[in-house]
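Below is one structure, written out as structure tokens; comments come after it.
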Amino acid sequence: QVDFVLLGGDLFHDNKPSRKTVHTCLETLRKYCMGDRPVQFEILSDQAVNFHYSKFPWVNYQDGNLNISIPIFSIHGNHDDPTGTDALCALDILSCAGLLNHFGRSPSVEKIDISPILLRKGRTKIALYGLGAIPDERLYRMFVNKQVTMLRPKEDEDNWFNLFVIHQNRSKHGATNYIPEQFLDDFINLVVWGHEHECKIAPCQNEQQRFYVSQPGSSVVTSLSPGEAVKKHIGLLHVKGKKMKMQKIALETVRTFHMEDIVLADHPDLFNPDNPKVTQAIQAFCMEKVELMLDNAERERLGNPRQPEKPLIRLRVDYAGGFEPFSVHRFSQKYVDRVANPKDIIHFFRHREQKEKNDSDFNFGKLVSRPASEGMTLRVEDLVKQYFQTAEKKVQLSLLTERGMGEAVQEFVDKEEKDAIEELVKFQLEKTQRFLKERRTDAEEGKIDEEVRKFRESRKKNAEEEDEEVREAMTRARAHRSEDAVLVTASSDEELMDMGMKGTGDSDDGLPATLSRGRGWARGRARGARGQNSRGQNSSARGSSRRGRGSTSQESATSSRTYKPVSVPAKNMSIVDAFRSLKPDSSLNSSKSYSEDIIDDDSDLEDISIVPSSKANQRLSTTPSLSKRGSQSQTSRGVDFESDE
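Going by the UniProt record's numbering, the sequence shown opens with residue 1, and the numbers climb by one from there.
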């Protein structure tokens with residue numbers, strides 16, 4: 001019995017959720033959000049602005065073809081953010097189906113204007129602001145440069161309850177790898193902060209900006225970290241005028257999760273490193289702790305039949321001080337039938353381990369084994385950056401930058417962009433080659449290395465240009481993937497067409513009777529085609545007269561489809577060899593210069609303007625205008641927070 005559901009991003013944990021996951025989500029939304037119960041609030045803002053990216057720029061419950069009883073408003077998170085050449089995400093599929101209202105999407109990467117969805121129910125008016133996930137460092141820089149503006153309604157601006165939904169790092173992970181709460185405007189009443197998994201749903205007030213922040217956290221446990229061990233809740237928010245009240249509701253179907261730390265050095269009376277049987281004593285002590293956590297998990301079960309029976313157990317053991325870890329695999333076999341994560345029950349780490357001075361190799365194990373209680377969340381780009389900061393000079397990057405490489409690796413890991421790293425390397429190599437050619441550098445390795453070093457340092461200082469490089473390389477990677485998909489689809493269609501045209505008695509065409517599907521099928525088809533073409537005119541005449549699989553029909557089918565060739569650079573070409581290959585030859589007036597080979601295609605970055613339908617305009621009787629007023633113009637606030645605890 002709510003007016004609407006508000007989600008703070010990451011509805012899906014994977015950028016490309018499985019078919020079963022999408023089906024279950026659609027099934028749930030259709031079951032609970034469709035019905036005859038009337039929606040009690042109205043929208044006053046221009047919906048063509050609020051949902052500008054959608055082909056159906058209006059809220060789903062006002063669509064005459066749908067029967068929505070509970071509208072859902074959601075921004076996208078960093079796990080389900082838009083990707084690909086068309087910049088689509090899983091939420092766009094749900095929005096196109098009319099099951100969800102995706103808002104908070106910024107059309108520009110240079111300037112962000114956040115226009116609110118204006119809701120009114122009786123005398124209560126809510127201005128709902130939303131901003132989908134953006135790389136934290138980029139958004140941090142945009143806030144500093146005052147490129148983020150929150151628009152406010154001109155009419156009765158002090159009578160609106162301003163609610164802002166954001167999906168960024170709240171805790172500090174680096175100098176600029178988070179969004180400080182002080183960056184947000186002080187006219188906001190409540191901030192719903194997504195992305196962070198620890199549940200802190202009770203609103204807490206920011207003493208400087210005077211607004212309240214509610215952090216709902218994740219609805220399921222996605223990692224074995226201390227923040228996930230906190231009880232999961234959702235919030236029922238009551239708003240009347242400018243007063244609000246948040247009611248916490250515990251989730252009953254979450255798998256129970258218990259976590260505990262042990263420092264062996266803190267128990268000298270129990271464990272002596274010099275004792276030959278100390279490992280057996282440590283193992284017995286860990287078993288006792290695990291049994292105690294299992295008992296606590298059983299007592300805390302809420303009795304919901306849909307709650308998973310097996311709990312998650314995590315025991316972190318600090319074995320610094322001369323101790324040796326025991327076999328985790330043998331230990332976990334004892335709890336296979338009682339714990340959901342038997343292989344991850346025990347986690348050994350050394351909290352106070354000193355780094356060896358002569359150790360030139362970067363040990364990822366030491367970094368990964370650091371406990372999450374230190375307030376650090378590991379990211380792929382952080383691992384790449386720290387690796388090159390501590391690596392030997394001979395393995396340092398001389399052409400690429402750590403930032404760009406980290407972004408490419410993150411795209412490869414998180415978004416499954418298999419061409420991300422290759423395209424970034426190609427893009428930066430081409431740009432460096434063009435720089436060297438414009439400076440007319442002599443083809444000497446020493447001079448080239450010096451120019452490359454200067455060029456790399458200048459790129460590192462210009463963060464915006466480097467961001468643009470990464471975006472361009474990712475765009476090329478997605479375009480490359482789309483071309484591959486078209487080629488695979490076309491070859492599959494050609495196979496199906498040829499198989500449909502094949503008559504009886506064609507067993508002498510050189511192709512096997514049964515072909516396996518997939519890429520092997522296409523390769524076998526190509527090999528068969530070459531064999532047919534080499535047989536000469538007789539087979540061609542025979543194939544064309546019978547409309548079978550002869551070379552003439554195949555050639556005609558192939559000629560009807562032309563594909564753009566994808567150039568593949570030489571794998572082992574050094575920067576010196578690449579530069580020498582680009583030296584102009586006075587005897588040959590070649591038209592293939594470097595500048596002509598680079599295609600700067602920003603077609604996917606163009607803004608998409610959508611003209612709202614007349615049906616949507618008829619529904620919008622009132623459209624208050626918005627103004628870019630500063631947050632300092634507001635003098636009266638009058639925000640009251642009623643706690644039910």
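Using N, Cα and C, we set each Cβ at its ideal position, and we do this for glycine too.
None of these values were measured; they are calculated from a predicted model.
Would you report the Cα separation of Pro311 and Lys31, rounded to the nearest angstrom?
-> 29 Å
Given 8 Å as the limit, is there contact between the region 107-115 and the region 63-71, that is, 3 or more CB pairs closer than that?
-> no
Per-residue burial, Glu445 [other beta carbons within 10 Å of its own, 16 or more giving buried] = exposed
Supposed close pair Val49, Ser115 - CB separation, criterion 8 Å = 5 Å
Beta bridge counterpart(s) of His102 as assigned by DSSP = Ser74
Beta-carbon proximity check, Ala408 vs Leu424, cutoff 8 Å | yes
Between the region 145-163 and the region 76-88, do three or more beta carbon pairs fall short of 8 Å?
-> no
What residue from Gln47, Trp160, Phe187, Tyr140 has the CA that sits closest to Gln168's CA?
-> Tyr140
Three-state secondary structure (DSSP) of Glu196 = coil
Spell out the partners DSSP gives Ile43 in its beta bridges.
-> Leu119
So, do the region 344-352 and the region 317-332 have three or more beta carbon pairs nearer to each other than 8 Å?
-> yes
When you compare only the Cα positions, how much space is there between Lys125 and Gln307?
-> 38 Å
Looking only at its own chain, which residues have a Cβ that is under 8 Å from the Cβ of His233, when we skip the five neighbours before and after it?
-> Cys199, Ile201, Pro216, Gly217, Lys248, Ile249, Ala250, Leu251
Assign His13 to one of two classes, buried (16 or more other C-beta atoms within 10 Å of its C-beta) or exposed (fewer than that).
-> exposed
Anyone know if the C-beta pair for Thr432 and Val413 falls short of 8 Å?
-> no
What is the DSSP secondary structure of Val409, counted as helix, strand or coil?
-> helix
Whole runs of the alpha helix (DSSP H) within the region 8-34, excluding any shorter than 4 residues | 19-33
Per DSSP, cross-strand counterpart(s) of Phe348 = Val317
Where DSSP assigns a beta bridge to Gly64, which residues make up the other side?
-> Answer by DSSP bridge pairing: none, since Gly64 is not bridged.
Beta-carbon separation (whole angstroms), Ser214 vs Pro203, contact threshold 8 Å = 5 Å
Compare the C-beta of Gly174 against all C-beta atoms of chain B and say whether one is closer than 8 Å.
-> Any reference to chain B falls outside this structure, which holds one protein chain only.
Please say whether Arg314 and Leu224 have beta carbons closer to each other than 8 Å?
-> yes
Considering only the beta carbon of each residue, do Arg459 and Glu465 sit closer than 8 Å?
-> yes
Would you tell me roughly how many angstroms separate the C-alpha atoms of Asn145 and Glu207, rounded to the nearest one?
-> 24 Å
Which one of Leu190, Leu118, Ile282, Val290 has the shortest CA to CA distance from residue 654?
-> Given a span of 1 to 645 for the chain in the structure shown, any question on residue 654 remains unanswerable.
Go through its chain and collect everything with a Cβ distance to Ala297's Cβ below 6 Å, but skip five positions before and after it.
-> Thr256, His258, Pro311
What's the call for Glu27, buried or exposed, on a 16-neighbour Cβ count within 10 Å?
-> exposed
Ala477 vs Glu402 beta-carbon contact at 8 Å | no
Taking the alpha-carbon positions, what's the Gln147 to Glu181 distance?
-> 16 Å
Could you tell me which uninterrupted alpha helix (DSSP H) segments, each at least 4 residues in length, are contained entirely in the region 259-323, listed from first to last along the chain?
-> 278-299
Do Ile282 and Phe331 come within 8 Å of each other at the CB atom, strictly closer than that value?
-> no
What's the C-alpha gap between Val263 and Arg316?
-> 9 Å
Glu228 vs Thr176 beta-carbon contact at 8 Å | no
Comparing alpha-carbon positions, which option in Val336, Pro57, Val165, Phe56 lies nearest Gly104?
-> Val165
Could you pull the start and end residues of the beta strand (DSSP E) that His238 belongs to?
-> 233-240
Does at least one heavy atom of the ligand ZN sit under 7 Å from the Cβ of Ala479?
-> The model on display carries no ligand, and the ligand ZN is accordingly not part of it.
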